[in-house]
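Asks: For reference, each letter of the sequence shown is one residue, going 4 to 238 in the numbering used here.
A virtual CB, placed ideally from N, CA and C, is assigned to each residue, including glycine.
Please read all numbers here as calculations on a predicted model, not as lab measurements.
Got a structure for you, questions after.
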Amino acid sequence: MNKALTIFCAICLLSFFACNKEEGTGGTGTIKGRVFQVVHNDDNYSLSADTMVAARQDVYLIYGNDGYFGDDAETDRDGRYRFRYLNPGTYTLYAYSQTPDGQRLAESRTVTLRRGEKVEVDDIFIHQGKAYGTSLLKGWVKATYFDKNGNTIRTSWPYEHRVYIQRMGEDYHFDDTRVGLNGIFYFQKLTPGTYVVTTYGQLTDETPYPVSDTVVIDQANGIFISDTLNIRIKA
């Protein structure tokens, strides 16, 4: 093989490898974006959440199909981050939400980067707060009051009447609350599952009786409604 041919082949090989670099650093591409923090507070009966920029939040970058992150960056005070000097390829970015029990859940975005391209990815929203990943159960109690002869005196919402909640299959309730105005009661921070809500009427001076409803909570971050618990109370 003559010298000219050897040089030509070498140039071709170098060009091939230069054009087929794997994902990672050493290129001229840039990926940037922004992270927002969604705070789910409890004692919020509409389940609305506060959204703000996520300052000083770690963002991780995975190169291609790697099973681990290859780089990380911290957001600035405006929630912005940037990864520079990247080769062309596919990248995955993620940041962590955190459940009330401390579990971390990755919120990710995937982007394909061309040579020298500067890409801004869709915003990443991370979640936290005591009510994150849970649902709310809402219901009503309505009472009919009667006299010793069984005659109805009035029907009204029994303010401060107590309501209990337990998981289906368990013997005891794990929480209770009192009925508010217009007979409304709430139970917060419920994870998906089947629940039984119970309150008590009173047919005699000494004997209460239970009235219950079963509610299936099949998702997080939702509001679920119990049937109205209708009770009778001897006045």
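In this structure, how does DSSP classify N233 when only helix, strand and coil are distinguished?
Replies: Stepping through the sequence shown from its first residue, residue 233 is reached at position 230. Strand, per DSSP.
Asks: Could you check how far apart the C-beta atoms of G204 and I156 are, in whole angstroms? I think they sit under 8 Å.
Replies: As a working mapping, residue 204 is identified with position 201 in the sequence shown. As a working mapping, residue 156 is identified with position 153 in the sequence shown. In fact, because the Cβ distance is near 14 Å, the residues do not count as touching under 8 Å.
Asks: Can you tell me whether L184 is helix, strand or coil according to DSSP?
Replies: As a first step, residue 184 is located in the sequence shown; it is residue number 181 there, counting from the start. Reduced to three states, the DSSP call for L184 is helix.
Asks: Pick helix, strand or coil for K141, following the three-state DSSP scheme.
Replies: Indexing the sequence shown from 1 puts residue 141 at position 138. Here K141 sits in strand by DSSP.
Asks: Mark R107 as exposed unless 16 or more other C-beta atoms lie within 10 angstroms of its C-beta, in which case mark it buried.
Replies: Numbered from its first residue, the sequence shown carries residue 107 at position 104. Result: exposed.
Asks: For the segment 189 to 206 against the segment 133 to 144, do three or more pairs of beta-carbon atoms, one drawn from each stretch, fall closer than 8 Å, so that the two count as touching?
Replies: yes
Asks: In terms of alpha-carbon separation, which member of G153, K35, L232, V166 lies closest to G82?
Replies: The residue given as residue 82 occupies position 79 in the sequence shown. Out of G153, K35, L232, V166, K35 has the C-alpha closest to the C-alpha of G82.
Asks: Let me confirm a value: Y48 is counted as buried when at least 16 other C-beta atoms fall within 10 Å, else exposed. Which label applies?
Replies: The residue labelled residue 48 in the question sits at position 45 within the sequence shown. Label assigned to Y48: exposed.
Asks: So the beta strand (DSSP E) R85 belongs to, where does it begin and stop?
Replies: Position 82 of the sequence shown, counted from the start, is the residue given in the question as residue 85. R85 -> beta strand (DSSP E) spans 83 to 89.
Asks: Nearest-angstrom Cα distance between R181 and H164?
Replies: The sequence position of residue 181 within the sequence shown is 178, counting from 1. The sequence position of residue 164 within the sequence shown is 161, counting from 1. Rounded to whole angstroms, R181 to H164 spans 5 Å at the Cα level.
Asks: Take P211 and list the residues in its own chain whose beta-carbon comes closer than 8 Å to its own, dropping the five residues that flank it on each side.
Replies: For the purposes of this step, residue 211 is taken as the residue at position 208 of the sequence shown. Close CB contacts of P211 within its chain, under the 8 Å cut and outside five residues either way in sequence, are with Y203, G204, Q205 (chain order).
Asks: Where Y167 and V200 are concerned, what is the direct C-alpha to C-alpha distance, given to the nearest angstrom?
Replies: The sequence position of residue 167 within the sequence shown is 164, counting from 1. The sequence position of residue 200 within the sequence shown is 197, counting from 1. Y167 and V200: Cα-Cα distance of roughly 6 Å.
Asks: Considering L206, what are the terminal residues of the beta strand (DSSP E) in which it resides?
Replies: Taking the sequence shown and counting its residues from 1, one reaches residue 206 at position 203. That residue, L206, is in no beta strand (DSSP E); it is neither H nor E in DSSP.
Asks: Quick test of your reading: F149 and K237, contact by CB under 8 Å. State the CB separation rounded to the nearest angstrom.
Replies: Taking the sequence shown and counting its residues from 1, one reaches residue 149 at position 146. Taking the sequence shown and counting its residues from 1, one reaches residue 237 at position 234. Indeed they touch by this definition, with Cβ atoms about 6 Å apart.
Asks: Does DSSP put E123 in a helix, a strand or coil?
Replies: Along the sequence shown, one-based indexing puts residue 123 at 120. Looking at E123 - three-state DSSP - the assignment turns out to be strand.
Asks: Please confirm whether R85 and A76 have their CB atoms less than 8 Å apart.
Replies: By one-based count along the sequence shown, residue 85 stands at place 82. By one-based count along the sequence shown, residue 76 stands at place 73. A Cβ-Cβ contact shorter than 8 Å links R85 with A76.
Asks: From I220 to S229, what distance separates their C-alpha atoms?
Replies: Here the question's residue 220 lines up with position 217 in the sequence shown. Here the question's residue 229 lines up with position 226 in the sequence shown. Approximately 11 Å between the Cα atoms of the pair.
Asks: Are L140 and Y88 touching if we call contact CB-CB under 8 Å?
Replies: Working through the sequence shown from its first residue, we reach residue 140 at position 137. Working through the sequence shown from its first residue, we reach residue 88 at position 85. The answer is no: Cβ separation not under 8 Å.
Asks: Would you tell me roughly how many angstroms separate the C-alpha atoms of V218 and F227, rounded to the nearest one?
Replies: Position 215 of the sequence shown holds residue 218. Position 224 of the sequence shown holds residue 227. Annotation: V218 to F227 spans about 8 Å, alpha carbon to alpha carbon.
Asks: Is the separation between the beta-carbon of R170 and that of G196 shorter than 8 Å?
Replies: Taking the first residue of the sequence shown as position 1, residue 170 is located at position 167. Taking the first residue of the sequence shown as position 1, residue 196 is located at position 193. Closer than 8 Å, so yes.
Asks: Quick one: using the 10 Å Cβ neighbour count with 16 as the cut-off for buried, is N90 buried or exposed?
Replies: Position 87 of the sequence shown, counted from the first residue, corresponds to residue 90. Classification of N90: buried, given that the 10 Å Cβ count is 16 or more.
Asks: Tell me the residue span of the beta strand (DSSP E) that contains Y212.
Replies: Within the sequence shown, residue 212 is the residue found at index 209, counting from 1. From DSSP, the beta strand (DSSP E) with Y212 extends over 211 to 220.
Asks: Only counting the same chain, and skipping five residues up and downstream in sequence, which positions put a Cβ closer than 8 Å to that of P103?
Replies: Start at 1 with the first residue of the sequence shown, and residue 103 comes out as number 100. Excluding positions up to five away in sequence, the list reads G132, K133, A134, Y135, G136, T137, K192.
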